[in-house]
Structure formats: structure tokens, C-alpha cells
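Note sheet for the following structure.
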Amino acid sequence: MPPKVEERFIWLSGKIVPVYEANINVLAPTSQFGLNVFEGIRCYWNSEQKELFAFRLADHFKRLKRSQRLLKMEDTFTLEELKEAFIAVIKANEYKEDLAVRQTLFIEGFGSWGSRGPVNMFIAPIPKAKTSPEYNKKGLNCCISSWQRINDNSLSPRIKCGANYINSRMGQLEALENGYDTAIFLNNNGHISEGPGSCLFMVKNGRLITPLLTDSVLESITRDSIITLAHDLDIKVEERTIDRTELYNADEAFLCGSSMEITPIFSVDHYEITKEEGQITKRLHTAYLAAVCGKNAKFSHWLTPVYNSQK
Ligand SMILES: Cc1ncc(COP(=O)(O)O)c(C=O)c1O
Numbered sequence: 006m007p008p009k010v011e012e013r014f015i016w017l018s019g020k021i022v023p024v025y026e027a028n029i030n031v032l033a034p035t036s037q038f039g040l041n042v043f044e045g046i047r048c049y050w051n052s053e054q055k056e057l058f059a060f061r062l063a064d065h066f067k068r069l070k071r072s073q074r075l076l077k078m079e080d081t082f083t084l085e086e087l088k089e090a091f092i093a094v095i096k097a098n099e100y101k102e103d104l105a106v107r108q109t110l111f112i113e114g115f116g117s118w119g120s121r122g123p124v125n126m127f128i129a130p131i132p133k134a135k136t137s138p139e140y141n142k143k144g145l146n147c148c149i150s151s152w153q154r155i156n157d158n159s160l161s162p163r164i165k166c167g168a169n170y171i172n173s174r175m176g177q178l179e180a181l182e183n184g185y186d187t188a189i190f191l192n193n194n195g196h197i198s199e200g201p202g203s204c205l206f207m208v209k210n211g212r213l214i215t216p217l218l219t220d221s222v223l224e225s226i227t228r229d230s231i232i233t234l235a236h237d238l239d240i241k242v243e244e245r246t247i248d249r250t251e252l253y254n255a256d257e258a259f260l261c262g263s264s265m266e267i268t269p270i271f272s273v274d275h276y277e278i279t280k281e282e283g284q285i286t287k288r289l290h291t292a293y294l295a296a297v298c299g300k301n302a303k304f305s306h307w308l309t310p311v312y313n314s315q316k
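The numbering used here applies: residue 6 is where the sequence shown begins, and numbers increase by one.
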């Protein structure tokens with residue numbers, strides 16, 4: 006039986022401990038300055054195969070290492086060690102359901118914002134159900150944020166670090182206070198970038214369009230998966246800069262990410278886009294859910310079985 010959420014096991018410093026014993030020093034640079042890089046990794050339970058599949062694990066670890074490198078944090082864990090620890094902590098919790106797993110590399114010790122180490126890691130899995138056609142009947146009413154997205158010459162959105170989410174926080178809180186579900190940021194060139202924790206796609210005249218990776222967005226793994234799935238479904242994809250008013254006139258739009266998967270946008274700044282999930286969004290959502298759960302053999306290379314893994 007999996008433990009209660011408040012007693013679940015966390016991987017910290019090479020040990021698997023109950024969450025209330027997984028503590029970090031208050032003076033550590035991660036506590037004081039948000040000096041950490043992380044990944045939010047999904048796992049999906051396939052009840053027919055009785056297997057839990059981690060989605061694009063190797064790609065998450067590669068991005069984690071790129072974030073770590075850009076912040077000049079010491080490189081202490083090999084790719085194999087990242088994977089072994091990930092699998093060990095899920096097994097310790099005996100989870101056989103859909104999960105979101107937070108894997109974080111952080112600077113501990115008594116240094117400051119300039120410290121490169123010591124680098125340690127924690128891994129925290131938590132049950133999280135996936136979206137469904139039913140869930141997607143409710144779309145998002147979004148606003149364009151008055152806060153600009155961080156950019157590559159200040160704090161790069163390419164780095165998935167805790168501190169970047171202060172910008173996300175400002176956009177999200179402003180959106181909620183003004184009665185919207187979430188925000189869409191413009192970048193410092195005034196073009197559409199991304200949501201506080203997600204990437205954006207729009208559909209126009211049957212074509213799927215998403216901002217460039219150089220338009221101040223995270224190198225999203227879901228974005229990449231959707232582009233691949235779209236090609237497979239014969240949907241034309243354009244990666245290009247998007248103007249704000251182009252988005253207002255879109256035929257469909259959605260936000261995507263490991264956490265929200267594919268969630269339709271119904272309006273932006275009160276410009277209605279659709280009343281219900283659009284046809285292309287629906288096709289991609291169905292294809293995405295099939296791929297992540299191991300129900301489309303074409304994309305089985307994206308999946309790492311947790312329980313029958315070699316390690
Ligand atoms: C700012 C931001 N953009 C995009 C994404 C989507 O990235 P991914 O698909 O890799 O989860 C996330 C979520 O991690 C995010 O926080």
C-alpha cells in the first residue's frame with residue numbers, strides 16, 4: 006500500500022526518508038536565493054500492462070543538466086544516478102497510479118548566491134491524475150500579462166530554476182486577481198511567449214503554430230512531443246513569432262506542459278477563441294494521452310517502465 010501523502014517517501018542525500026524528515030538547512034543558498042534547478046516529470050499507470058511509465062525521462066534529465074550547467078552548479082550526479090534515484094523513490098512508495106515527480110538539484114551548505122556547490126538532490130513523487138476529455142470541457146480564460154516574460158539576457162527562461170517562477174508568480178497572481186484562470190506573457194520584443202508554467206500553441210487555418218524556442222520560452226518537452234504527434238497526424242506545424250492580435254483571432258489555442266498536458270484556451274483578454282475544445286486540440290489531446298500511457302507503440306521509445314526497469 007502506498008503511504009499517505011503526508012508520509013510519502015522522498016529521496017534526499019542518497020537516503021529514502023519520510024517527507025517530514027526530508028529537511029534542508031535554512032541558510033542554504035537554495036533556501037535563501039532559490040538556487041536550484043528542477044524537473045517536473047510525469048509517470049502514467051497502464052493498468053493492462055500493470056506498469057508505470059515515466060514520460061521522456063532521459064529528455065528531462067538532459068534538460069536538468071543543461072539548466073545546471075547554465076547556472077554553473079557543480080555536476081555531481083551522472084545520468085544513471087539521476088535515473089536510479091528516481092526509480093528507487095517511486096518503488097519505495099509503491100505507487101501504481103499517475104504521478105508528478107519533482108526532481109531538484111539544489112545548492113546546500115552555508116554559501117551565498119555565488120556558490121557553485123555543494124550540490125545535492127531531492128526527489129518527491131506525488132499522485133496526480135491526468136487530464137481527460139471531460140476535464141477539457143472546461144477551458145481557460147486567459148489574459149495577456151502586464152508583466153513581461155523574463156528574457157535570455159536577464160534571467161533565461163531556458164533555465165528551469167526555482168527563481169524563474171517568481172516571474173510566473175507575478176503573472177499568475179495578477180491574472181487570478183483580475184478574474185482570469187491564467188496569464189500569457191509577452192516577451193521583451195512584445196511577442197507571445199508562454200504561460201506561467203506552460204507553452205502555448207494556436208491553430209489558424211488548420212495549421213498548428215507555436216512561438217520559437219528563442220521567443221523567451223522554456224524548451225518544453227511537451228511542446229516537442231506535440232510537434233512530433235502533429236506531424237504523425239498530418240497536421241502542419243509552424244514554429245514562428247506570434248503577435249498578440251494574431252492570438253486574439255486564432256481558431257483554437259491551448260496551453261501545454263508536463264503538468265497541464267494539453268488544456269484548451271477559450272478566451273484571451275475577453276476575445277472568445279472557442280466555446281469548446283477545438284477539433285485539432287482534441288485530436289492532439291487524445292494522441293498525447295495514448296502516447297504517455299503506452300497505448301501507441303510508435304512512441305514507446307518515450308517511455309521508461311518503472312517497475313520492470315533494468316535497475
Ligand atoms: C514556464 C514553463 N514553460 C513551459 C513549461 C512546459 O514544459 P514541459 O513540457 O517540459 O513540462 C513549463 C513546465 O514545466 C514551464 O514552467
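Glycine included, C-beta positions come from ideal geometry on N, C-alpha and C.
Proximity to residue i [Cα-Cα], best of the options
| i | options | result |
| --- | --- | --- |
| Arg68 | Pro162, Gln54, Ala180 and Lys280 | Pro162 |
| Lys143 | Lys287, Arg212 and Asn313 | Lys287 |
| Leu75 | Thr215, Lys96, Arg212 and Lys165 | Lys165 |
| Glu11 | Gly19, Ser18 and Val24 | Val24 |
| Trp118 | Glu243, Pro310, Asn301 and Phe38 | Phe38 |
| Thr219 | Ser305, Asn41 and Ser198 | Ser198 |
| Ser150 | Leu40, Ile285, Met175 and Leu289 | Met175 |
| Leu32 | Glu113, Gly122, Ser137 and Asp80 | Glu113 |
| Ala134 | Leu104, Arg154 and Arg121 | Leu104 |
| Ile131 | Cys48, Asp186 and Ala295 | Cys48 |
| Asp256 | His236, Leu308 and Ile285 | Ile285 |
| Asp80 | Ile46, Gly122 and Val297 | Gly122 |
| Ile46 | Ala235, Leu40 and Ser225 | Ser225 |
| Asn137 | Asn169, Val242 and His290 | The sequence given here places Ser at residue 137; Asn does not occur at that position. It is His290 whose Cα lies nearest to the Cα of Ser137. |
| Ala59 | Gln108, Asn41 and Ala27 | Gln108 |
| Asp157 | Asn125, His275 and Leu223 | Leu223 |
| Lys241 | Asn210, Ser263 and Ser230 | Asn210 |
| Glu53 | Ile29, Gly299 and Pro7 | Gly299 |
| Phe320 | Phe43, Asn51, Pro7 and Ile247 | In the structure displayed, the chain extends from 6 to 316; residue 320 sits before or after that span and is not available. |
| His236 | Phe304, Ile155 and Ile15 | Phe304 |
| Ile189 | Gly167, Ala292 and Thr215 | Thr215 |
| Gly371 | Gln73, Leu145 and Tyr100 | No answer is possible for residue 371: it lies beyond the span of the chain, which begins at 6 and ends at 316. |
| Pro227 | Thr279, Arg61, Trp50 and Thr83 | One point to set straight first is that residue 227 is Thr, not Pro, in the sequence displayed. The shortest Cα separation from Thr227 among Thr279, Arg61, Trp50 and Thr83 belongs to Arg61. |
First and last residue of the uninterrupted alpha helix (DSSP H) at residue i
| i | result |
| --- | --- |
| Asn183 | Asn183 -> no alpha helix (DSSP H), and no H or E assigned at all. |
| Phe66 | Leu62 to Leu75 |
Per-residue DSSP class, three states only, for residue i
| i | result |
| --- | --- |
| Thr215 | strand |
| Glu257 | strand |
| Gln153 | coil |
| Tyr276 | strand |
| Val22 | strand |
| Thr291 | helix |
| Asn313 | coil |
| Gly176 | helix |
| Leu145 | strand |
| Glu223 | The sequence shown places Leu at residue 223, not Glu. In this structure, Leu223 counts as coil in the three-state DSSP scheme. |
| Asn28 | coil |
| Glu56 | strand |
| Ile164 | coil |
| Phe91 | helix |
| Ile270 | strand |
| Ile247 | coil |
| Leu16 | Here the sequence assigns Trp to residue 16, which means Leu is not the residue at that position. In the structure shown, Trp16 sits in a strand (DSSP, three-state: E or B). |
Buried versus exposed call for residue i [16 or more other C-beta atoms within 10 Å across all chains shown]
| i | result |
| --- | --- |
| Glu266 | buried |
| Lys20 | exposed |
| Lys316 | The pLDDT assigned to Lys316 is 45, lower than 50, so where the model puts this residue is not dependable; a value taken from the coordinates is nonetheless given after this. Looking at its Cβ environment, which holds fewer than 16 other Cβ atoms inside 10 Å, Lys316 is exposed. |
| Glu56 | buried |
| Lys9 | exposed |
| Leu238 | exposed |
| Phe259 | buried |
| Ala302 | exposed |
| Arg13 | buried |
| Thr250 | exposed |
| Phe127 | buried |
| Phe206 | buried |
| His196 | buried |
| Met6 | exposed |
| Ile171 | exposed |
Opening and closing residue of the beta strand (DSSP E) in which residue i lies
| i | result |
| --- | --- |
| Tyr49 | Asn41 to Asn51 |
| Phe38 | Not the beta strand (DSSP E): Phe38 falls in the alpha helix (DSSP H), residues Pro34 to Phe38. |
| Arg107 | Leu104 to Ile112 |
| Ile226 | That residue, Ile226, is in no beta strand (DSSP E); its alpha helix (DSSP H) goes Ile226 to Asp237. |
| Phe206 | Cys204 to Lys209 |
| Val10 | No beta strand (DSSP E) holds Val10; DSSP gives it neither H nor E. |
| Glu243 | Val242 to Glu244 |
| Asn125 | Val124 to Pro132 |
Residue i CB to nearest heavy atom of ligand 3 below 6 Å
| i | result |
| --- | --- |
| Gly176 | Annotation note on ligand 3: not contained in the displayed structure, which lists ligand 1 as its ligands. |
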